[in-house]
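These protein sequence lines map, in sequence, to chains A and B. Quick note on the working numbering: the first sequence kicks off at 1 and runs consecutively. Quick note on the working numbering: the second sequence kicks off at 1001 and runs consecutively. Here a beta-carbon is modelled for each residue, glycine too, at the ideal position from N, C-alpha and C. Okay, so here's the structure we're looking at.
2 protein chains.
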Amino acid sequence: MGAMTAGLRELKKRQTRQMISDTATRLFMERGFEAVTIAEIATAAQVAKMTVTNYFPRKEDLALDYHETITTALARTVADRPTGESALTALRRAYLAAVERHDPVVGFSSPEFARMLADSPTLTARLRELHDQREEALADALTTATAPTPEDPTPRAAAALLTAAHRTLFHHVQTLTRAGRPDEEIATTATRSAEKVFDLLEPSLGGYAVR
Amino acid sequence: MGAMTAGLRELKKRQTRQMISDTATRLFMERGFEAVTIAEIATAAQVAKMTVTNYFPRKEDLALDYHETITTALARTVADRPTGESALTALRRAYLAAVERHDPVVGFSSPEFARMLADSPTLTARLRELHDQREEALADALTTATAPTPEDPTPRAAAALLTAAHRTLFHHVQTLTRAGRPDEEIATTATRSAEKVFDLLEPSLGGYAVR
DNA sequence: ACAGAAAAATAGCCCGAACCCAAAATTAGG
DNA sequence: CCTAATTTTGGGTTCGGGCTATTTTTCTGT
Chain A
1 MGAMTAGLRE
11 LKKRQTRQMI
21 SDTATRLFME
31 RGFEAVTIAE
41 IATAAQVAKM
51 TVTNYFPRKE
61 DLALDYHETI
71 TTALARTVAD
81 RPTGESALTA
91 LRRAYLAAVE
101 RHDPVVGFSS
111 PEFARMLADS
121 PTLTARLREL
131 HDQREEALAD
141 ALTTATAPTP
151 EDPTPRAAAA
161 LLTAAHRTLF
171 HHVQTLTRAG
181 RPDEEIATTA
191 TRSAEKVFDL
201 LEPSLGGYAV
211 R
Chain B
1001 MGAMTAGLRE
1011 LKKRQTRQMI
1021 SDTATRLFME
1031 RGFEAVTIAE
1041 IATAAQVAKM
1051 TVTNYFPRKE
1061 DLALDYHETI
1071 TTALARTVAD
1081 RPTGESALTA
1091 LRRAYLAAVE
1101 RHDPVVGFSS
1111 PEFARMLADS
1121 PTLTARLREL
1131 HDQREEALAD
1141 ALTTATAPTP
1151 EDPTPRAAAA
1161 LLTAAHRTLF
1171 HHVQTLTRAG
1181 RPDEEIATTA
1191 TRSAEKVFDL
1201 LEPSLGGYAV
1211 R
């Protein structure tokens, strides 16, 4: 059961999964998400249709395979923040660092991938769902961090505001990516925007959830 | 083309549409959104399957027939705010008024309807989409209201924060509704929560978009 | 080393939503 | 009353999602 077992079974599973995901992403970027059928992916990956839906229950998962990272990143940032730091400052720090390393989690990708996302209603819907789960996770983290009374709406509200900031900046990066701007320029712009957005929230949340 | 023409054709169209929508909503609340097929709705409404999908291109539209109201309400509130009032204050005022009249737009509904929404992934996804369109519309309204430079992220960020507040409160009301609380009690709680949430945003956005 | 257990991959099926088209029924206007 | 426009209908397809029984591959204990 452990992740250490380099058993042949585990290995082949990983290979098969990766093969299917790569094939699917390639086809999606070539012809658009909706235009590619699961059957085509299966054929291209030399695998049965059922195997595809076995590894990826929903078609969207074939294109967005890093959901775990997206949903848990903010909550972990808050949970791991150093003493004396507010949730807002921690998230600002984490965002700027992610921009600097051109992290996909804040929206960096190839222009083709960004266009594929924007062109597909299914994928944008799934992205919204991921943002929502991220908000939920962050709300939980803030609740444990501030131990409020049960009916206090502040943790949920703060989580909504903070993820809203991240979401706005994510869309900004994606828009610039679709416009074909180089990652370096996008990083500069995103940094400036982030300063503005986090500064905007500072008076409201600067003193909230300080460890 | 005018809405005044009480032509027989228009009349029958309205009747048919209403009949289908009512039948669908009844079936959805009885057995859940996903468990009811379009064919069943058609049979129950004594109409062809194609007629249903003709009036309601997506199945979700059968349950959420007030999308226009939801998506435009915030933008109109901001556009119509009196002189000297900030966007935040206008939205606070509109929200509290909506709560007082138990407006569905802020989440008031029957417990059955609220449960139907929460139990259906399709409907919650659609609701997220509506919230998103609402944010877009509000962002447009704020852009025309503040005339910022093209790359200023503030209007989009402010729109995201303000809709985040509304969305949080919406979910709060729906949760209480599912718990079976009477509308009066929900209204009292929602008012208290709203004060807190809008107060939270006041230091950040109190001076933004003042007409 | 091998047989039996466990797990993964396969083939083939059904169902429902969404979409399309040609034909029939209904209404509006001359 | 008759024709044109529009709505409704019936029948069809495609695709995603789901299921089950069966075969193939990997693992484990003797």
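Test item: CB-CB of residue i and residue j under 8 Å
i	j	result
A1087 of chain B	A1165 of chain B	no
A1137 of chain B	T1071 of chain B	yes
D140 of chain A	A94 of chain A	no
T23 of chain A	A44 of chain A	yes
L205 of chain A	A1157 of chain B	no
S110 of chain A	G32 of chain A	no
R126 of chain A	T163 of chain A	no
T1025 of chain B	A1063 of chain B	yes
P1155 of chain B	L1176 of chain B	no
F113 of chain A	D183 of chain A	no
A118 of chain A	R58 of chain A	no
Same chain, Cβ closer than 8 Å to residue i, five either side skipped, listed in chain order
i	result
E1051 of chain B	A small correction: the amino acid at residue 1051 of chain B is Thr; Glu does not occupy that position in the sequence shown. For T1051 of chain B, where only same-chain residues beyond five positions count, the Cβ hits under 8 Å are T1016, I1020 and A1042.
L161 of chain A	L201, S204 and L205
G84 of chain A	V210 and R211
V105 of chain A	Y66, T69, I70, A73 and A98
T53 of chain A	I38
Exposure of residue i, with buried meaning 16 or more beta-carbon neighbours within 10 Å
i	result
E60 of chain A	buried
P1153 of chain B	buried
G1180 of chain B	exposed
A1039 of chain B	exposed
A1098 of chain B	buried
A1159 of chain B	buried
Rounded separation between residue i and residue j - CA only
i	j	result
V1173 of chain B	D1103 of chain B	11 Å
E1068 of chain B	R1115 of chain B	22 Å
T124 of chain A	A79 of chain A	28 Å
A1207 of chain B	T1089 of chain B	In the sequence under discussion, the amino acid at residue 1207 of chain B is Gly, which differs from the Ala named in the question. The straight-line gap from Cα to Cα measures roughly 10 Å.
E1129 of chain B	L130 of chain A	13 Å
T189 of chain A	T122 of chain A	29 Å
K1012 of chain B	M1029 of chain B	26 Å
A73 of chain A	A1048 of chain B	49 Å
L27 of chain A	A147 of chain A	48 Å
A145 of chain A	R81 of chain A	11 Å
R92 of chain A	E185 of chain A	19 Å
Q1018 of chain B	E10 of chain A	55 Å
E1100 of chain B	A1187 of chain B	7 Å
L96 of chain A	F1056 of chain B	44 Å
R14 of chain A	A35 of chain A	26 Å
T1191 of chain B	E151 of chain A	13 Å
D1132 of chain B	T149 of chain A	30 Å
Q46 of chain A	Q1046 of chain B	47 Å
Sequence-distant residues of its chain with Cβ nearer than 7 Å to residue i (five each side left out)
i	result
R1168 of chain B	For the record, residue 1168 of chain B in the displayed sequence is Thr; it is not Arg. Around T1168 of chain B: V1197.
E1195 of chain B	none
S193 of chain A	L169 and H172
D1065 of chain B	S1021
Residue i CB to nearest heavy atom of the ligand ADP below 7 Å
i	result
V52 of chain A	Annotation note on the ligand ADP: not contained in the displayed structure, which lists no ligands.
Length at least 3, wholly inside the region 66 to 132 of chain A: the beta strand (DSSP E) runs in chain order = none
inquiry  = Could you tell me which whole beta strand (DSSP E) segments of length 3 or greater appear in the region 139 to 199 of chain A?
reply    = none
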